[in-house]
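So the protein sequences, as listed, match chains A and B. The first sequence: position 106 = 136 (the working numbering), numbered continuously. The second sequence: position 25 = 40 (the working numbering), numbered continuously.
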Amino acid sequence: GAVVSQHPSWVICKSGTSVKIECRSLDFQATTMFWYRQFPKQSLMLMATSNEGSKATYEQGVEKDKFLINHASLTLSTLTVTSAHPEDSSFYICSAVWGAYNSPLHFGNGTRLTVT
Amino acid sequence: AQKITQTQPGMFVQEKEAVTLDCTYDTSDQSYGLFWYKQPSSGEMIFLIYQGSYDEQNATEGRYSLNFQKARKSANLVISASQLGDSAMYFCAMREWDTNAGKSTFGDGTTLTVKP
Numbered sequence: 031g032a033v034v035s036q037h038p039s040w041v042i043c044k045s046g047t048s049v050k051i052e053c054r055s056l057d058f059q060a061t062t063m064f065w066y067r068q069f070p071k072q073s074l075m076l077m078a079t080s081n082e083g084s085k086a087t088y089e090q091g092v093e094k095d096k097f098l099i100n101h102a103s104l105t106l107s108t109l110t111v112t113s114a115h116p117e118d119s120s121f122y123i124c125s126a127v128w129g130a131y132n133s134p135l136h137f138g139n140g141t142r143l144t145v146t
Numbered sequence: 016a017q018k019i020t021q022t023q024p025g026m027f028v029q030e031k032e033a034v035t036l037d038c039t040y041d042t043s044d045q046s047y048g049l050f051w052y053k054q055p056s057s058g059e060m061i062f063l064i065y066q067g068s069y070d071e072q073n074a075t076e077g078r079y080s081l082n083f084q085k086a087r088k089s090a091n092l093v094i095s096a097s098q099l100g101d102s103a104m105y106f107c108a109m110r111e112w113d114t115n116a117g118k119s120t121f122g123d124g125t126t127l128t129v130k131p
């Protein structure tokens, strides 16, 4: 089956520093990758859509300068949380998809970010 | 208007019994896919089952089946012979091809607890 690897699985950083999260599709080429944020017991909130070689499309209300997304290849997308603050603490999860609307999303295992 | 509605924040089921998790959706697209994902407490999102808008038969995958009623715009998940490992949060999602650039919309989720 399609595997998406997300690293790190958890990270603790100090306020004001930046954190990079990687999302790799290991055995398929993802046409699109998505980044989500999830609060405890809540649904996934789409942050941005990332296509290889083009700028990410951010959802309304998501600060593109704070959450930098780079999609360098068909198998790698990165999310950088810049100048992190405690309110950025959350669970971030990526997903990758290829094919038509009948293709399921393949998710990474998520990254739990804690900003102190 | 919310596109995916899951009206059951929490559900309980006795081990070995069947349970139905409700999902209704709203779309004007003719081409769309409906998906169910499972999220255990560890956080990873697991794809369970898919139903296409043009599929005439209800989808089945092992103990999972999808009760698709297109006219009612409902796509309920049925889990038969519940197991303790089924305790998790379950998300219904829709992927519209024509109008939403392939993005998925998620419901708020249902937390299922299987009792021994």
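From the three backbone atoms N, C-alpha and C, an ideal C-beta is built for every residue, glycine too.
Go to Thr125 (chain B), then tell me how far its beta strand (DSSP E) extends in each direction, as first and last residue.
Here residue 125 (chain B) is taken as the residue at index 110 of the second sequence, counted from 1. Start and end: 125-130.
When we look at the beta-carbon of Ser84 (chain A) and count the other beta-carbons within 10 Å, is it buried (16 or more) or exposed?
Here residue 84 (chain A) refers to the residue found at position 54 of the first sequence. With fewer than 16 other Cβ atoms within 10 Å, it is exposed.
For chain A, check one thing: does any of its Cβ atoms lie closer than 9 Å to the Cβ of Ile94 (chain B)?
For the purposes of this step, residue 94 (chain B) is identified with residue 79 of the second sequence, where counting begins at 1. Judged by the 9 Å Cβ criterion, Ile94 (chain B) is not in contact with chain A.
Kindly indicate if chain B contains any beta-carbon less than 9 Å away from that of Leu104 (chain A).
In the first sequence, residue 104 (chain A) corresponds to position 74, counting from 1. It does not: the Cβ of Leu104 (chain A) has no partner Cβ on chain B nearer than 9 Å.
Does the count of Cβ pairs from the segment 44-63 of chain B and the segment 81-93 of chain B closer than 8 Å reach three?
Yes, the segment 44-63 of chain B touches the segment 81-93 of chain B.
Could you work out which residues of chain B lie near Phe121 (chain A), taking near to mean beta carbons separated by less than 9 Å?
Looking up residue 121 (chain A) in the first sequence gives position 91. What Phe121 (chain A) touches in chain B: Gly58.
Give the single residue among B:Thr126, B:Gly100, B:Ser97, B:Ala96 whose Cα lies nearest to the Cα of Cys107 (chain B).
The count along the second sequence starts at 1 and reaches residue 107 (chain B) at position 92. Checking every option, the nearest Cα to that of Cys107 (chain B) belongs to B:Thr126.
Near Leu104 (chain A), what residues of its chain come up, given a Cβ to Cβ distance below 8 Å and the 5 sequence neighbours on each side ignored?
Along the first sequence, one-based indexing puts residue 104 (chain A) at 74. Taken in chain order, the residues that qualify are Ser55, Gln59, Ala60, Thr61, Glu82.
I think Leu81 (chain B) touches Glu30 (chain B), with their Cβ atoms under 8 Å apart; what is that distance to the nearest whole Å?
As a first step, residue 81 (chain B) must be located in the second sequence, where it is residue number 66. As a first step, residue 30 (chain B) must be located in the second sequence, where it is residue number 15. So it is not a contact: roughly 22 Å between Cβ atoms.
Can you tell me the Cα-Cα spacing of Tyr79 (chain B) and Val127 (chain A), whole angstroms?
Counting from one through the second sequence, the residue named residue 79 (chain B) turns up at place 64. Counting from one through the first sequence, the residue named residue 127 (chain A) turns up at place 97. Between Tyr79 (chain B) and Val127 (chain A), the C-alpha separation is close to 22 Å.
For Ser113 (chain A), which residues from the same chain have a beta carbon less than 8 Å from its beta carbon, with the 5 sequence-adjacent residues on both sides left out?
In the first sequence, residue 113 (chain A) corresponds to position 83, counting from 1. Cβ within range, chain order: Gly46, Thr47, Ser48, Lys96.
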